[in-house]
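Every position in the first sequence, counted from 1, becomes a number in our numbering once 4 is added.
First up is the structure itself, then whatever we jot down about it.
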Amino acid sequence: MSEIIEPLRGMNDMLPDEARWWNRLESVARDVFSQYGYREVRVPLLERTQLFKRAIGEYTDIVEKEMFTFLDRDGQSLTLRPEATASIVRAAISNGMLHNQRHRLFTIGPMFRGERPQKGRYRQFTQIDAEAFGYEGPDVDAELILIAARMWRLLGIPRDRVWLELNSLGTPESRADYREALRSYFAANEGALDADSRRRLAGNPLRILDSKNPALAELIAAAPLLTDYLDPASREHFDGLCRRLDAAGVAYRINPRLVRGLDYYSRTVFEWVTDALGSQNAVCSGGRYDGLVTQLGGEATAAIGWALGMERIVLLMQELSLAAPAEVPQVYFVMAGAGVAARGLQLAEVVRDAQPGLRLETDLSGGGIKAQFKRADKSGATIAVVLGEDEIARGVAAVKPLRGGGEQQECPFADLAGRLAHLLGTAAVDGDGAARQDRCR
RNA sequence: GUGGACGUAGCUCAGCUGGUAGAGCCCCGGAUUGUGAUUCCGGCCGUCGUGGGUUCGAGCCCCAUCGUCCACCCCA
Numbered sequence: 005m006s007e008i009i010e011p012l013r014g015m016n017d018m019l020p021d022e023a024r025w026w027n028r029l030e031s032v033a034r035d036v037f038s039q040y041g042y043r044e045v046r047v048p049l050l051e052r053t054q055l056f057k058r059a060i061g062e063y064t065d066i067v068e069k070e071m072f073t074f075l076d077r078d079g080q081s082l083t084l085r086p087e088a089t090a091s092i093v094r095a096a097i098s099n100g101m102l103h104n105q106r107h108r109l110f111t112i113g114p115m116f117r118g119e120r121p122q123k124g125r126y127r128q129f130t131q132i133d134a135e136a137f138g139y140e141g142p143d144v145d146a147e148l149i150l151i152a153a154r155m156w157r158l159l160g161i162p163r164d165r166v167w168l169e170l171n172s173l174g175t176p177e178s179r180a181d182y183r184e185a186l187r188s189y190f191a192a193n194e195g196a197l198d199a200d201s202r203r204r205l206a207g208n209p210l211r212i213l214d215s216k217n218p219a220l221a222e223l224i225a226a227a228p229l230l231t232d233y234l235d236p237a238s239r240e241h242f243d244g245l246c247r248r249l250d251a252a253g254v255a256y257r258i259n260p261r262l263v264r265g266l267d268y269y270s271r272t273v274f275e276w277v278t279d280a281l282g283s284q285n286a287v288c289s290g291g292r293y294d295g296l297v298t299q300l301g302g303e304a305t306a307a308i309g310w311a312l313g314m315e316r317i318v319l320l321m322q323e324l325s326l327a328a329p330a331e332v333p334q335v336y337f338v339m340a341g342a343g344v345a346a347r348g349l350q351l352a353e354v355v356r357d358a359q360p361g362l363r364l365e366t367d368l369s370g371g372g373i374k375a376q377f378k379r380a381d382k383s384g385a386t387i388a389v390v391l392g393e394d395e396i397a398r399g400v401a402a403v404k405p406l407r408g409g410g411e412q413q414e415c416p417f418a419d420l421a422g423r424l425a426h427l428l429g430t431a432a433v434d435g436d437g438a439a440r441q442d443r444c445r
């Protein structure tokens with residue numbers, strides 16, 4: 005045996021039991037997007053490094069130390085996307101989608117960040133991403149938040165486990181004023197700061213507000229508030245958003261210390277937070293980025309979006325035991341004897357043609373009838389269909405209910421599809437749980 | 001990137017102060033030879049994460065490395 009090749013750190017295989025949960029989340033997301041008229045786009049995973057430097061900000065942690073960047077054969081610098089917004093904006097510009105147009109879009113796919121892995125934080129992770137272009141007012145801000153709230157509701161995530169934090173960063177100008185105020189405040193108290201915060205003091209003092217160091221809590225609590233520096237237009241925009249959320253019955257907490265790690269945000273920023281995932285508590289977050297399109301060479305376009313971490317939501321669903329129904333076969337073909345499987349395969353095709361919705365699994369192991377029955381039972385199937393040399397010769401199948409009683413009966417091949425449908429229909433009316441949880445997506 | 005914990009069969013784990021690995025589950029077979037979920041019997045399964053070192057001898061000690069998890073950091 006030769007050496008085993010291990011997967012890369014922080015990159016995971018998704019096996020069938022795991023995929024169930026993902027499919028559920030993805031189908032809910034797709035349904036909701038379709039309800040709101042958001043259309044899917046797909047963009048490349050690989051882009052020029054420059055795109056992310058310009059969009060996310062040269063001096064952010066993501067760009068400085070987390071990107072998977074390499075030179076291709078022609079010596080140009082490429083980067084595996086660490087987030088989707090930059091790529092989508094680039095695509096919108098590249099395809100001329102922003103000339104006097106509005107778009108509401110979503111995308112689903114993997115992102116890459118070279119962080120140290122932890123639960124809920126991986127080097128390849130998957131985001132569901134929603135973006136709206138060309139809408140200036142707070143209506144679309146509210147709509148995007150309502151979309152997320154609807155997803156939580158449909159998934160069965162209770163309101164007290166995921167809640168909304170809200171803030172406004174104002175315009176770049178008002179934020180600059182605030183940054184100076186903050187800088188002088190923390191500079192005056194520099195002795196009380198920890199090493200991380202001192203480093204940020206020069207670069208991005210807003211990030212100090214994010215610190216989880218309890219020793220700084222008091223100092224941070226007394227710091228000047230961004231809210232007090234908002235320009236009137238941003239203030240009005242923010243109030244408008246709050247009113248709309250109030251009207252829609254969406255609860256939120258205004259968090260004046262909520263800032264974002266990406267440079268492109270302006271005005272509205274928000275974060276859906278959970279208490280169920282340890283320190284990886286942000287489950288979906290986003291905000292408005294009105295300046296980004298011009299920054300990337302496009303025409304000035306209002307824009308806003310959010311990204312949802314699928315791994316984290318799936319973890320949350322599992323934590324809360326939110327059912328992800330297993331895909332269980334309804335009918336299981338037991339096929340024992342010489343040459344029986346070949347005929348059984350044909351018969352299974354006939355049944356599938358006649359009953360396209362039916363989940364029918366065949367036992368192709370070639371093993372003994374007893375073992376096949378064990379598998380039939382374990383599969384969760386409601387009905388076993390037995391085919392042996394005898395049955396094949398007589399043109400009949402033995403149909404045996406595996407759950408909730410009922411006698412084994414013979415059924416001519418020609419009637420099999422109808423008989424199975426009938427039996428399964430009856431089983432469902434019985435209120436038999438197993439027969440009912442068959443509806444996965 | 002920093003600090004810490006952990007890493008034994010496919011899975012969950014046991015293995016006393018170092019003496020050449022064990023349980024349950026799973027899987028396979030059997031209990032009058034074509035009928036499942038209980039029970040009983042039997043069987044398969046490991047280079048004890050990897051590489052070095054100490055020792056007569058290491059799963060247990062030391063070093064390195066990889067990985068997972070926790071906190072920081074970051075963020076979805």
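Glycine is no exception: its CB is placed at the ideal position from the N, C-alpha and C atoms.
Classification of residue i by the beta-carbon crowding that lies within 10 angstroms, buried from 16 upward
i, result
"R157", "exposed"
"N171", "buried"
"P1", "The shown model of the chain, from 5 to 445, leaves out residue 1, and the question about it has no answer."
"N193", "exposed"
"N104", "exposed"
"N208", "buried"
"V354", "exposed"
"G90", "In the sequence as presented, Gly is not what sits at residue 90; that position holds Ala. Answer is buried; the Cβ neighbour count reaches 16."
"Q376", "buried"
"S289", "buried"
"H241", "buried"
"I8", "exposed"
"M321", "buried"
"R124", "Correcting the residue type first, residue 124 is Gly in the shown sequence and not Arg. Its Cβ being crowded by 16 or more others within 10 Å, G124 is buried."
"R292", "buried"
"A226", "exposed"
"M155", "buried"
"L451", "The first residue shown for the chain is 5 and the last is 445, placing residue 451 beyond what the model contains."
"H426", "exposed"
Through-space distance from residue j to residue i, alpha-carbon basis
i, j, result
"R163", "G422", "46 Å"
"R183", "I212", "11 Å"
"A252", "I149", "10 Å"
"M71", "D78", "20 Å"
"G343", "T83", "55 Å"
"P228", "A180", "13 Å"
"E62", "A380", "58 Å"
"L75", "L312", "30 Å"
"A191", "S38", "50 Å"
"F116", "L50", "10 Å"
"P48", "P114", "10 Å"
"E119", "V403", "55 Å"
"Q284", "P360", "43 Å"
"G372", "C415", "22 Å"
"Y256", "R407", "48 Å"
"E10", "S270", "42 Å"
Contact set for residue i: own chain, Cβ-Cβ below 8 Å, skip 5 residues either direction
i, result
"R24", "A328, P329, A330, E331, C444"
"L102", "A96, F137, G138, V297, G302, E303, T305"
"Q299", "R58, A59, Y268"
"L205", "R187, F190, A191, E194, L197, I212"
Assumed close pair residue i, residue j - CB separation to whole angstroms, cut-off 8 Å
i, j, result
"F337", "A352", "6 Å"
"Y268", "I60", "7 Å"
"L364", "Q334", "7 Å"
"V389", "A397", "So it is not a contact: roughly 16 Å between Cβ atoms."
"V277", "V263", "So it is not a contact: roughly 14 Å between Cβ atoms."
"F110", "E177", "Not a contact, Cβ separation roughly 31 Å."
"V318", "W26", "6 Å"
Cβ-based neighbour list, residue i, same chain, cut-off 6 Å, excluding 5 preceding and 5 following
i, result
"G14", "P121, Y126, R127"
"D21", "none"
"I112", "I132"
"D434", "Interpretation of D434 is limited by its pLDDT of 39, a score under 50 that renders its predicted location unreliable; the figure taken from the coordinates is listed afterwards. Result list for D434: empty, nothing under 6 Å."
"T309", "According to the sequence as given, residue 309 is Gly; it is not Thr. Result list for G309: T89, A134, E135, G290, in chain order."
Proximal residues to residue i (C-beta, below 7 Å), its chain only, five neighbours per side dropped
i, result
"G341", "G392, E393"
"I151", "V36, Y40, A134"
"R142", "This sequence places Pro at residue 142; Arg is not what is there. Excluding sequence neighbours, P142 sits near H241, G244, L245, R248."
### Query
Where in the segment 40-117 do unbroken runs of the alpha helix (DSSP H), each at least 4 residues long, occur, reported from the N-terminal end onward?
Correct list: 53-60, 89-98.
### Query
Considering only residues of the segment 365-429, which uninterrupted beta strand (DSSP E) runs meet the minimum length of 3 residues and lie entirely inside it, listed in chain order?
Counting whole runs of 3 or more residues, the segment 365-429 contains the beta strand (DSSP E) stretches 387-391, 400-405, 413-416.
### Task
Identify every run of the beta strand (DSSP E) within the segment 126-209, keeping only runs that are complete inside it and at least 3 residues long; order them along the chain.
For the segment 126-209, the continuous beta strand (DSSP E) assignments of 3+ residues that do not extend past its boundaries occur at 128-137, 166-172, in sequence order.
### Contained alpha helix (DSSP H) runs [length at least 4] in the segment 250-276, N- to C-terminal order
For the segment 250-276, not a single whole alpha helix (DSSP H) run of length 4 or above is found.
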